[in-house]
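What follows is a set of notes on a single structure, which appears directly below.
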């Protein structure tokens, strides 16, 4: 089963054009608000491909997202879900009691979809996550 997941992750990385080496993508990719107007711009995405061992969890790449050339969000991951979709996971920490706390996350599903569209555009991925 593990080998199958690794193969699936490699095929997904190739299919979606995820860089195979560390890279910095610079540009302006708008994140749209609910009305379809630009709310902010993603100005850079730093991509570090995940290793083969990480494919067991569907992990394809580690991302650092630069927003408005002002701040960076580190610890974002690009994952392949169990049903074959691409999705972003946002950083969190785990307390001593084992409770997970988000460090940064989208406000709602619409915001998540808009952020994913902008990041996928930066990565050159044409297919969007299905919601």
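Residue numbers (the working numbering): -13 to 117. Built from N, CA and C at the ideal position, the CB exists for glycine as well. What you are looking at is a predicted structure, and each value in this text was computed from that prediction instead of being measured.
How close, in whole Å, do the beta carbons of residue i and residue j come, if the pair is a contact with beta carbons under 8 Å?
i: residue 104; j: residue 17; result: 5 Å
i: residue 29; j: residue 52; result: 5 Å
i: residue 101; j: residue 72; result: Contact doesn't hold; Cβ gap of about 13 Å is too wide.
i: residue 81; j: residue 88; result: At roughly 12 Å, the Cβ-Cβ gap does not stay under 8 Å, so residue 81 and residue 88 are not in contact.
i: residue 67; j: residue 84; result: The pair is not a contact, with the Cβ atoms about 24 Å apart (cut-off 8 Å).
Is the distance from the Cβ of residue i to the Cβ of residue j below 7 Å?
i: residue 65; j: residue 76; result: no
i: residue 32; j: residue 50; result: yes
i: residue 62; j: residue 46; result: no
Using the beta-carbon count (16 or more within 10 Å), is residue i buried or exposed?
i: residue -13; result: Low local confidence applies: a pLDDT of 39 at residue -13 is under 50, so the model's placement there is unreliable, with the coordinate-based value given in what follows. Classification for residue -13: exposed.
i: residue 41; result: buried
i: residue 108; result: buried
i: residue 36; result: buried
i: residue 106; result: buried
i: residue 15; result: buried
Can you name the start and end residues of the beta strand (DSSP E) that residue i belongs to?
i: residue 105; result: From DSSP, residue 105 is part of no beta strand (DSSP E) but of the alpha helix (DSSP H) over 95 to 109.
i: residue 14; result: 9 to 18
i: residue 46; result: 45 to 53
i: residue 27; result: 24 to 35
Ranges of the beta strand (DSSP E) found wholly within the segment 62 to 97, counting only runs of at least 3: 72 to 75, 78 to 80, 86 to 88
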